[in-house]
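K.L.:
Input: one structure, supplied below.
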Amino acid sequence: METSSTIIGLSLFVLFMGPIFYALYRQGLKEKRNKKALQNLAKSNNMKLNHIEISNALVLGLDKAQHKLLILEPANANQHQLIDLSEVNKTSVIKRSVSFTENDKKSTKIIQISIELLSESNHKRISEILFYDEDGADNSDMETQLFTASRWNNLIQASL
1 METSSTIIGL SLFVLFMGPI FYALYRQGLK EKRNKKALQN LAKSNNMKLN
51 HIEISNALVL GLDKAQHKLL ILEPANANQH QLIDLSEVNK TSVIKRSVSF
101 TENDKKSTKI IQISIELLSE SNHKRISEIL FYDEDGADNS DMETQLFTAS
151 RWNNLIQASL
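Here this note's numbering is used: position 87 in the sequence shown is 87, and no number is missing along the way.
If you want it as structure tokens, here you go:
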């Protein structure tokens with residue numbers, strides 16, 4: 001009786017915990033692949049990355065010595081963008097929101113968070129780095145992405 005209950009217990013453990021361990025393993029592989037792709041791009045552009053950020057929808061790398069920012073989008077077939085921060089004059093965190101009324105109370109809801117990079121010469125937008133989009137496939141935590149965007153905004157401003 002003890003052996004059969006042990007086998008049933010182990011089977012249930014594997015049945016319920018197996019998919020979780022598999023998902024964690026796949027996520028780790030995905031992060032390693034994205035980090036390697038970022039490092040290969042940095043190497044091909046003669047960059048030494050001081051700061052790296054890896055999330056599901058965005059991979060960022062910053063080279064403070066050369067004042068360059070490398071943006072990689074794994075969701076878009078590893079599209080990348082190299083931004084020379086010497087051409088950037090101003091950065092800001094942009095929070096787009098919608099207003100709605102619920103139970104006679106006006107509320108706002110943030111639907112998008114991004115960092116806007118403006119050029120030195122005519123304050124024209126060079127690029128926009130999207131951290132959170134409510135409609136996007138990667139619907140991660142808005143507060144976490146707001147914190148991450150603020151941290152990267154500070155890092156980029158320090159490198160200007």
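We put the beta carbon where it would ideally sit given N, CA and C, even for glycine.
Suppose contacts are defined by Cβ-Cβ distances below 7 Å. Is lysine 106 in contact with valine 98 by that definition?
P.N.:
In the sequence shown, the residue the question calls residue 106 occupies position 106. In the sequence shown, the residue the question calls residue 98 occupies position 98. No. Outside cutoff.
K.L.:
Looking at isoleucine 94 and serine 119, is the spacing between their C-beta atoms short of 7 Å?
P.N.:
For this step, residue 119 is matched to residue 119 along the sequence shown. For this step, residue 94 is matched to residue 94 along the sequence shown. No, Cβ-Cβ distance for serine 119 and isoleucine 94 is not below 7 Å.
K.L.:
At what residue ranges does the segment 116 to 155 contain a whole run of the beta strand (DSSP E), taking only runs of 3 or more?
P.N.:
With a minimum length of 3 residues, the continuous beta strand (DSSP E) runs that stay inside the segment 116 to 155 are 125 to 133.
K.L.:
Ends of the alpha helix (DSSP H) at glutamate 2?
P.N.:
As a working note, residue 2 is residue 2 in the sequence shown. Its alpha helix (DSSP H) spans residues 2 to 44.
K.L.:
Going by the CB atoms, is the gap between glutamate 116 and glutamate 128 shorter than 7 Å?
P.N.:
As a first step, residue 128 is located in the sequence shown; it is residue number 128 there, counting from the start. As a first step, residue 116 is located in the sequence shown; it is residue number 116 there, counting from the start. In this structure, glutamate 116 lies closer than 7 Å to glutamate 128 by Cβ.
K.L.:
Let me know the beta strand (DSSP E) ranges lying completely inside the segment 48 to 94, each 3 residues or longer, listed in chain order.
P.N.:
Fully enclosed beta strand (DSSP E) runs of 3 or longer: 51 to 54, 59 to 63, 68 to 73 and 79 to 84.
K.L.:
Would you decide whether methionine 47 is buried or exposed? Buried here means 16 or more other CB atoms lie within 10 Å of its CB.
P.N.:
Within the sequence shown, residue 47 is the residue found at index 47, counting from 1. So methionine 47 ends up on the buried side.
K.L.:
Nearest to glutamine 145 by alpha carbon, out of Tyr25, Ser5, Ile54 and Glu31?
P.N.:
The count along the sequence shown starts at 1 and reaches residue 145 at position 145. Of the listed residues, the one whose Cα sits closest to glutamine 145 is Ile54.
K.L.:
For valine 66, which residues of its own chain have a beta-carbon under 7 Å away from its beta-carbon, when the five flanking residues on both sides are left out?
P.N.:
Along the sequence shown, read from residue 1 onward, the residue named residue 66 stands at position 66. In the sequence as presented, valine is not what sits at residue 66; that position holds glutamine. These residues qualify, in order along the chain: Met47.
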